[in-house]
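A.B. asks:
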Amino acid sequence: MNADARDHGGDDFDIAAIFQEGLAQADQEEAMLNVMLAGRPGAGKSTLVNAIFGERIAPVGTGAPVTQEIKRYRRPHLPVTVYDTPGFELGKSPAEVAGYFLGQIKKEVLAEESEIHFALYCSLIANKRVEQFEADLVRSLAAEVHTAFVLTQCLDKESQEVIDLRTHIDSRRLPIVESRPFPVLAEEKLLSFAGQSILVKPFGLDDLLRALTRVLPAAQKRTLVSRQRVNLELKIKEAEAIVAETALKAAAIAAVPIPLYDIGPLSALQVAMFARITRVMGFSIEPKSLAAACAAVVGVGAAARSASSLLKVFFPLVGSLVNATVAGSTTYAMGAAYIKACENLLRRQIAGEQIDQSDVIGALVKEWKQAR
14 MNADARDHGG DDFDIAAIFQ EGLAQADQEE AMLNVMLAGR PGAGKSTLVN AIFGERIAPV
74 GTGAPVTQEI KRYRRPHLPV TVYDTPGFEL GKSPAEVAGY FLGQIKKEVL AEESEIHFAL
134 YCSLIANKRV EQFEADLVRS LAAEVHTAFV LTQCLDKESQ EVIDLRTHID SRRLPIVESR
194 PFPVLAEEKL LSFAGQSILV KPFGLDDLLR ALTRVLPAAQ KRTLVSRQRV NLELKIKEAE
254 AIVAETALKA AAIAAVPIPL YDIGPLSALQ VAMFARITRV MGFSIEPKSL AAACAAVVGV
314 GAAARSASSL LKVFFPLVGS LVNATVAGST TYAMGAAYIK ACENLLRRQI AGEQIDQSDV
374 IGALVKEWKQ AR
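Numbering (our numbering), first residue to last: 14 to 385.
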């Protein structure tokens, strides 16, 4: 960041540049998330992980299994690595299979000074039971890594079929995440029955994600929350934590009251907060567009010329001095308004609406007016 922008509220206060720095900070707060997939061929492993992150990370088979050996999938813009394991080799014990899978993957992740953060064991609901081999394999995996047992292609989580299978799995007393399986339909399914078509909506992924966030280290949790495309509430909760943290820092900056014309560090902190929230909320909008939206709102249609204009536009009644109470409360209110604007935009995106820069500006103006 420009040193003058940090120290003064002058003409060189560059919202877009500070916003970009905030995005870089958010990226540093994340860490590579290593995910292991296991289960019989055709169990929906790739479909599951692709649904979680909202893009095609692992290829999906259409008949013959895609994976003949352990495969690593990584997208250049996504701090997530997926290790997809093949079907079980006949003649090997569950412990041998698990040992081979884990050993090969650990070679990869240890080379990057990392670890396997969780495994997803997938089993088709149509199988109706868990064979002894699978149960022992899951035990061996769970002894080394957090393992979630996922019942895939469920059409009704309350069906007797699901209830019976969950009871059967419970009787196995497997050391799995939350000591229970997770019934999931990863993508919508169109069913035909008696000449009628019924569309079954996806479910269960949000429950699975909440459970996984409880077992992950902080940096990997941030990665999962910000990069997943399923649970908006998790994103909001993480964004609220950023706002609370930033409000405390803002109050510390203004512990000794500062003149409104010299609030460069405070305003920079607030813009960086917007950027960090943007990353956590996972917008599929160009960061430059959001930075431009901030500048347009602050500058009332033009780029902001000073740091003090940020606080004047949002909260015109703060007076000529900013003390700790004002700095903390206004920063908190600004962050809450930004989260609400992002939430509304994301809900529109999830519903299939195309969002452009004018929509972003409109949403921010609306929420910030209400926050004042």
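A virtual CB, placed ideally from N, CA and C, is assigned to each residue, including glycine.
Given the structure is predicted, the values throughout are model-derived calculations rather than measurements.
With 16 other CB atoms within 10 Å as the buried threshold, where does residue 364 fall?
C.D. replies: Classification of residue 364: exposed, given that the 10 Å Cβ count is below 16.
A.B. asks: If you reduce the DSSP assignment to three classes, tell me which class residue 281 lands in.
C.D. replies: Helix.
A.B. asks: Where do the ends of the alpha helix (DSSP H) carrying residue 85 lie?
C.D. replies: It is not in any alpha helix (DSSP H) - residue 85 instead sits in the beta strand (DSSP E) that spans 84 to 87.
A.B. asks: Which value, in whole angstroms, describes the spacing of the CA atoms of residue 118 and residue 261?
C.D. replies: Using only the alpha carbons, I get a separation of about 41 Å.
A.B. asks: In chain order, what residues of the same chain have a beta carbon less than 7 Å from the beta carbon of residue 268, not counting five sequence neighbours either side?
C.D. replies: Counting only Cβ-Cβ distances below 7 Å, and skipping sequence neighbours, we find 337.
A.B. asks: Check the C-beta distance from residue 195 over to residue 161 and give it rounded, since I have them as a contact under 8 Å.
C.D. replies: 6 Å between Cβ atoms; contact.
A.B. asks: Within 10 Å of its beta-carbon, does residue 57 have 16 or more other beta-carbons around it, so buried, or fewer, so exposed?
C.D. replies: By the 10 Å Cβ count, residue 57 comes out buried.
A.B. asks: Please report how far the alpha carbon of residue 111 lies from the alpha carbon of residue 155, in whole angstroms.
C.D. replies: Answer to the nearest angstrom: the Cα atoms are 10 Å apart.
A.B. asks: Among all the DSSP beta bridges, which residues are the ones paired with residue 209?
C.D. replies: Partner(s): 206.
A.B. asks: Give every residue of the same chain whose Cβ lies closer than 7 Å to the Cβ of residue 249, excluding the five residues on either side of it in the sequence, and list them in chain order.
C.D. replies: The residues are 352, 356.
A.B. asks: For residue 61 and residue 133, which I take to be in contact (beta-carbon distance under 8 Å), what is that distance rounded to the nearest angstrom?
C.D. replies: Between residue 133 and residue 61 the Cβ distance is about 6 Å, and since that is below 8 Å, they are a contact.
A.B. asks: Among 288, 186, 204, 67, which has the Cα closest to the Cα of residue 28?
C.D. replies: Here the closest residue by C-alpha is 288.
A.B. asks: Does residue 32 pass the burial test, meaning 16 or more other C-beta atoms within 10 Å, or should it be called exposed?
C.D. replies: It is buried - the Cβ of residue 32 has at least 16 other Cβ atoms within 10 Å.
A.B. asks: When the distance is taken between beta carbons, is residue 203 closer than 9 Å to residue 211?
C.D. replies: Yes.
A.B. asks: Return the CA-CA distance between residue 139 and residue 89, expressed in angstroms with no decimal places.
C.D. replies: Cα to Cα, residue 139 sits roughly 36 Å from residue 89.
A.B. asks: What three-state label does DSSP hand residue 381 in the structure shown?
C.D. replies: Of the three classes helix, strand and coil, the one that applies to residue 381 here is helix, per DSSP.
A.B. asks: Less than 9 Å between the beta carbons of residue 45 and residue 226, yes or no?
C.D. replies: Against a cut-off of 9 Å, the Cβ pair of residue 226 and residue 45 comes out as no contact.
A.B. asks: Give me the Cβ distance between residue 47 and residue 96, rounded to the nearest whole Å; I'm assuming they're in contact under 8 Å.
C.D. replies: About 7 Å separates the two Cβ atoms, so the contact holds.
A.B. asks: Considering only residues of the stretch 209 to 278, which uninterrupted alpha helix (DSSP H) runs meet the minimum length of 4 residues and lie entirely inside it, listed in chain order?
C.D. replies: Here the runs fully enclosed are 218 to 226, 231 to 240, 245 to 266.
A.B. asks: Suppose you measure from the CA of residue 41 to the CA of residue 101; what does that come to, to the nearest Å?
C.D. replies: When rounded, the distance between both Cα atoms is 38 Å.
A.B. asks: Quick one: what does DSSP say residue 29 is sitting in, helix, strand or coil?
C.D. replies: Helix.
A.B. asks: At the level of alpha carbons, what is the spacing between residue 205 and residue 55?
C.D. replies: Near 22 Å, if we compare the C-alpha coordinates of residue 55 and residue 205.
A.B. asks: Closest to residue 105 by CA distance: which of 69, 373, 147 is it?
C.D. replies: Residue 105 has its Cα closest to that of 147, out of 69, 373, 147.
A.B. asks: Curious, which full-length alpha helix (DSSP H) runs of at least 4 residues does the stretch 88 to 129 contain?
C.D. replies: For the stretch 88 to 129, whole alpha helix (DSSP H) runs of length 4 or above, ordered along the chain, are 107 to 124.
A.B. asks: Hey, quick one: how far does the beta strand (DSSP E) through residue 161 stretch, first residue to last?
C.D. replies: Looking at the DSSP string, the run of the beta strand (DSSP E) that includes residue 161 is 160 to 165.
A.B. asks: Count the other CB atoms, across all protein chains shown, that sit within 10 Å of the CB of residue 241; report buried if there are 16 or more and exposed otherwise.
C.D. replies: Classification for residue 241: buried.
A.B. asks: Buried or exposed, going by whether 16 or more other CB atoms sit within 10 Å of the CB of residue 278?
C.D. replies: Flag for residue 278 reads buried.
A.B. asks: Measure the Cβ-Cβ separation of residue 218 and residue 232 and say whether it is below 9 Å.
C.D. replies: No, Cβ-Cβ distance for residue 218 and residue 232 is not below 9 Å.
A.B. asks: Between which two residues does the beta strand (DSSP E) containing residue 342 stretch?
C.D. replies: Unbroken run through residue 342 is the alpha helix (DSSP H), 337 to 363; no beta strand (DSSP E).
A.B. asks: Tell me the residue span of the beta strand (DSSP E) that contains residue 137.
C.D. replies: Residue 137 -> beta strand (DSSP E) spans 131 to 137.
A.B. asks: Leaving out five residues on either side along the sequence, give the residues of the same chain with a beta carbon under 6 Å from the beta carbon of residue 376.
C.D. replies: So the qualifying residues of the chain are 354, 357, 358.
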